[in-house]
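Chains as they are written, first to last, in the numbering used here: chain A, 1 to 115; chain B, 116 to 228.
I have placed the structure first, in the form of structure tokens, so that the comments after it can refer back to it.
Rendered as structure tokens:
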């Protein structure tokens with residue numbers, strides 16, 4: 001089975017531009033998580049979905065960030081407008097319906113650089 | 116709210132020596148505990164997890180961890196370090212019924228030849 005797929009792997013953009021990160025979870029998984037990793041703040045949970053419905057978005061830093069999951073096999077994280085402080089590695093992870101006892105499988109990440 | 120503290124942001128051990136990475140948790144209810152490993156430029160991969168069954172948990176690549184409630188600890192060990200173990204290791208905690216994981220700040224493990 002293919003693991004969690006993220007695209008693009010690297011994104012370089014200029015401040016003020018819109019950025020869209022994409023994720024395809026493992027087939028059959030009901031939970032999808034978006035994380036951000038930086039040197040300063042470590043690994044932070046931004047938002048997670050269950051059966052395509054956002055459950056907790058308390059980690060989303062501000063209104064510039066939005067996430068959607070239109071179907072079970074696709075999710076996006078959008079930043080508009082982007083700022084240099086958004087530079088980080090963004091990970092998507094998925095897990096099955098058993099929730100916290102089940103393993104979260106991480107994608108390879110998208111390294112975002114905002115100039 | 117639950118949290119984990121990883122003592123030592125960097126640990127260096129000689130090849131063949133014991134690996135010990137420390138993790139202490141704080142949780143108001145019995146927790147589920149995880150260790151993940153991150154190799155350079157990759158996502159996180161589960162090493163092992165504790166879900167209230169056996170207190171000694173064995174994982175992949177020869178790693179194991181012991182849940183000690185009295186010490187609120189879940190330290191990761193490996194008897195003999197290998198060069199391929201060089202990576203960053205994250206401890207994480209969740210509560211039953213809560214799908215959210217809270218990660219520690221990570222420990223970078225360096226193996227000295």
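Note that beta-carbon positions come from the ideal geometry of N, C-alpha and C, so glycine has one too.
- Residue 165 of chain B has B:148 as its beta-bridge partners, per DSSP.
- In summary, the residues of the region 10-32 of chain A whose CB is separated from some CB of chain B by less than 9 Å are 31, in the order they occur in the chain.
- At a C-beta separation below 7 Å, residue 220 of chain B has these neighbours in chain A: 42.
- Shown here, residue 84 of chain A sits in a helix according to DSSP, grouped into three states.
- Residue pairing by DSSP puts residue 128 of chain B in a beta bridge opposite B:226.
- Pairing residue 218 of chain B with residue 205 of chain B gives a Cβ-Cβ distance under 7 Å.
- With a threshold of 7 Å between beta carbons, residue 214 of chain B makes contact with chain A.
- Residue 56 of chain A sits in a strand when the DSSP states are folded into three classes.
- Note on geometry: alpha-carbon atoms of residue 71 of chain A and residue 132 of chain B lie some 48 Å from one another.
- For residue 102 of chain A, no beta strand (DSSP E) encloses it, and the DSSP letter there is neither H nor E.
- Within chain B, the residues placing a beta-carbon under 8 Å from that of residue 56 of chain A are 215, ordered along the chain.
- Bounds of any beta strand (DSSP E) do not take in residue 154 of chain B, whose DSSP letter is neither H nor E.
- A contact between stretches requires three or more CB pairs, one per stretch, nearer than 8 Å, and the region 190-199 of chain B meets this requirement with the region 134-146 of chain B.
- For residue 62 of chain A, the secondary structure class from DSSP, reduced to helix, strand or coil, is coil.
- Boundaries for residue 178 of chain B: no beta strand (DSSP E) harbours it, and the DSSP string shows neither H nor E there.
- A straight-line Cα-Cα distance of about 9 Å links residue 39 of chain A and residue 220 of chain B.
- Around the beta carbon of residue 175 of chain B, a 10 Å sphere encloses fewer than 16 other beta carbons of the protein chains shown; the residue is thus reported as exposed.
- At least one CB atom of chain B sits nearer than 7 Å to the CB of residue 103 of chain A.
- Of the residues assessed, residue 104 of chain A falls on the buried side of the cut-off, its CB having 16 or more other CB atoms within 10 angstroms.
- Residue 214 of chain B places its beta carbon 7 Å or farther from that of residue 35 of chain A.
- For the set B:117, B:226, B:222 and B:228, the Cα lying nearest the Cα of residue 125 of chain B is the one of B:222.
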